[in-house]
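In my numbering, the protein residues as written are 116 to 220.
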């Protein structure tokens, strides 16, 4: 099912999302949401989508990044679902790049 994408300025995008519970994972609710998110992401031509972007304040995101011919040294990332992800820096190096976002008009 294609989900409605929250646009920049919507409060759901600025609110700390809740953890996905073990019960939500066991019941299949989280994977059902992920399937709808993949469908929505593809419909709008995205490569990543977080649950708050579809008005669900949960810590869940989906990505599917194809290999890019313009960047042959970079790998793609196959269909991946991340539940309750934690970002841990592994160094101080920073880089700048362009990024798209389905929540920005």
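Ideal Cβ placement from N, Cα and C applies to all residues, glycine included.
Going by alpha carbons, who is nearest to residue i out of the options?
i	options	result
residue 191	162, 218 and 203	162
residue 193	116, 166 and 153	153
Would you tell me roughly how many angstroms separate the C-alpha atoms of residue i and residue j, rounded to the nearest one?
i	j	result
residue 124	residue 130	11 Å
residue 164	residue 207	26 Å
residue 221	residue 151	Since the displayed the chain opens at 116 and closes at 220, residue 221 lies outside it and no answer follows.
residue 127	residue 216	15 Å
residue 219	residue 155	15 Å
residue 145	residue 160	22 Å
residue 176	residue 142	18 Å
residue 186	residue 147	33 Å
Quick one: complete beta strand (DSSP E) runs, 3+ long, within the region 153 to 210? 163 to 165, 175 to 180 and 192 to 198
Is it a yes or a no for the region 177 to 184 touching the region 131 to 143, going by three-plus beta-carbon pairs under 8 Å? no
With contact counted as at least three CB pairs below 8 Å, one residue from each stretch, are the region 155 to 171 and the region 118 to 126 in contact? yes
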